[in-house]
Amino acid sequence: MKLRRQQLILEIIESKPITTQEELAQELRNRGIPTTQATISRDIKELQLVKVPTAGDVYRYARPQQQLESPRSQERLRRLFQDAVVNIDFSENIIVVRTLPGAAQGVASAIDQVGWREIIGTVAGDDTIFVIVKPREIVMQVVERLESLLV
Numbered sequence: 010m011k012l013r014r015q016q017l018i019l020e021i022i023e024s025k026p027i028t029t030q031e032e033l034a035q036e037l038r039n040r041g042i043p044t045t046q047a048t049i050s051r052d053i054k055e056l057q058l059v060k061v062p063t064a065g066d067v068y069r070y071a072r073p074q075q076q077l078e079s080p081r082s083q084e085r086l087r088r089l090f091q092d093a094v095v096n097i098d099f100s101e102n103i104i105v106v107r108t109l110p111g112a113a114q115g116v117a118s119a120i121d122q123v124g125w126r127e128i129i130g131t132v133a134g135d136d137t138i139f140v141i142v143k144p145r146e147i148v149m150q151v152v153e154r155l156e157s158l159l160v
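Using this note's numbering, read the sequence shown as starting at 10 and increasing by one per residue.
See the structure below:
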């Protein structure tokens, strides 16, 4: 029952914007799965769901890797790139972003939050970020996209 309920939760949040636990519980009830707020809360934690902004400053549930690109996160990324990034280079499927000292973790977090599907993740030190891209064939496109943030 738990596995089925959690699968339904994932289907629901991918098919429509769900903003509250009560909305999620109602959607489950509509599909014949009676549940409580406490159960929903545990499921959200176990599934590691996050709330992401959408248009109009409304927050909805999403899978962590499904974070939707919002205009605000894109603008924040652009600002950070213009203020802190000094160089971008790449090798194979890894893009190396050099920043001012101490800025790498903030820039990496902004890259992660923007939710570009082709970026698997980032690893940041003090002034260097590794951006891992999949598939390797589109690394140049991602580099160009990152470089466009500098202007």
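For glycine and all other residues, C-beta sits at the position ideal for the given N, C-alpha and C.
The structure presented is a predicted model; accordingly, all values stated were derived computationally and were not measured.
Worksheet entry | heavy atom of the ligand MN below 6 Å from G130 C-beta | This structure simply doesn't include the ligand MN, nor any ligand for that matter.
Discussion item. Using the Cβ count rule (16 or more neighbours within 10 Å means buried), how would you classify Y70?
Written reply: Taking the sequence shown and counting its residues from 1, one reaches residue 70 at position 61. With 16 or more Cβ atoms within 10 Å of its Cβ, Y70 is classed as buried.
Practice prompt. Inspect the beta-carbon positions of A117 and L89 and report whether they are closer than 7 Å.
Written response: Numbered from its first residue, the sequence shown carries residue 117 at position 108. Numbered from its first residue, the sequence shown carries residue 89 at position 80. Not a contact, by the Cβ cut-off of 7 Å.
Worksheet item: So what's P73 in DSSP terms, helix, strand or just coil?
Response: Position 64 of the sequence shown, counting from 1, holds the residue named residue 73. The answer is helix: DSSP assigns P73 an H, G or I state.
Worksheet item: How big is the Cα-Cα spacing for T45 and R72?
Response: As a first step, residue 45 is located in the sequence shown; it is residue number 36 there, counting from the start. As a first step, residue 72 is located in the sequence shown; it is residue number 63 there, counting from the start. In a straight line, the C-alpha of T45 is about 21 Å away from that of R72.
Discussion item. How far does the alpha helix (DSSP H) with I164 in it extend, from its first residue to its last?
Written reply: For the chain, the structure presents residues 10 to 160; residue 164 sits outside this window and is missing.
Worksheet item: Measuring CA to CA, which of G41, E31 and V67 is closest to S50?
Response: Indexing the sequence shown from 1 puts residue 50 at position 41. E31 is the residue among G41, E31 and V67 whose C-alpha sits nearest the C-alpha of S50.
Worksheet item: How is D66 classed by DSSP in three states: helix, strand or coil?
Response: Residue numbering aside, residue 66 sits at position 57 when the sequence shown is read from its first letter. Taken through DSSP and simplified to helix, strand or coil, D66 comes out as helix.
Fill in: Inter-stretch contact at 8 Å, needing at least 3 Cβ pairs: the segment 11-30 / the segment 50-65
yes
Item to complete: Under 7 Å Cβ to Cβ from V123, same chain only, skipping five residues before and after it: list those, please.
Response: The residue you call residue 123 lines up with position 114 of the sequence shown. Taken in chain order, the residues that qualify are E78, S82, Q83 and L86.
Worksheet item: Relative to the alpha-carbon of G134, which residue among V151, G115, V148 and E127 has its alpha-carbon at the smallest distance?
Response: To locate residue 134, count along the sequence shown from 1; it is residue 125. That would be G115, whose Cα lies nearest to the Cα of G134.
Discussion item. Check this for me: beta carbons of I103 and I141, under 7 Å apart or not?
Written reply: For the purposes of this step, residue 103 is taken as residue 94 along the sequence shown, with counting starting at 1. For the purposes of this step, residue 141 is taken as residue 132 along the sequence shown, with counting starting at 1. Yes, they are a contact pair.
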